[in-house]
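In the numbering used here, the protein residues as written are 106 to 239.
All C-beta atoms, glycine included, are put in the ideal place defined by N, C-alpha and C.
Each remark here refers to the structure printed beneath this line.
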């Protein structure tokens, strides 16, 4: 499942950032990118904002990160103001900001190290926010 999310994410490299958007036509903001990827690649529905996504997923240690896990950052002086998808080898894919495109970055860059705010795992079997299979 998680590899499906990462493979799908790679197909969006270069797509433009668009605040408040989560569509193929209009581009994505960070949480819209995550929401769309999980919905399109594995059929799961996550909440809309980065903070809501953090609250709806399971907290994990940074050293337990696996491809497809969510990584959160404090970029606007508040917790969970930015989210990306961990792809392995200390890297993540995200929709960074206005004027930029979806890209891969290293979590080891000092900018991201200083702002790292936690890691979370989407757990479909235990999550109430997931699409119902009934």
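Asked                                                                                                                                                        : Found
How big is the Cα-Cα spacing for residue 176 and residue 153?                                                                                                : 15 Å
Which term fits residue 237, buried or exposed, when burial requires 16 or more other beta carbons within 10 angstroms of its beta carbon?                   : With a pLDDT of 38 at residue 237, under the threshold of 50, the predicted position of this residue should be treated as unreliable, though the coordinate-derived value follows. Under this definition residue 237 is an exposed residue.
Using 10 angstroms around the beta-carbon of residue 212, count the other beta-carbons present and answer buried if the total reaches 16, otherwise exposed. : buried
Taking residue 180 as the reference, which of 219, 197, 160, 228 has the closest Cα?                                                                         : 219
So who's on the other strand from residue 185, going by DSSP bridges?                                                                                        : Paired residues: none, contrary to the question.
For a quick check, are the C-beta atoms of residue 122 and residue 203 less than 9 Å apart?                                                                  : yes
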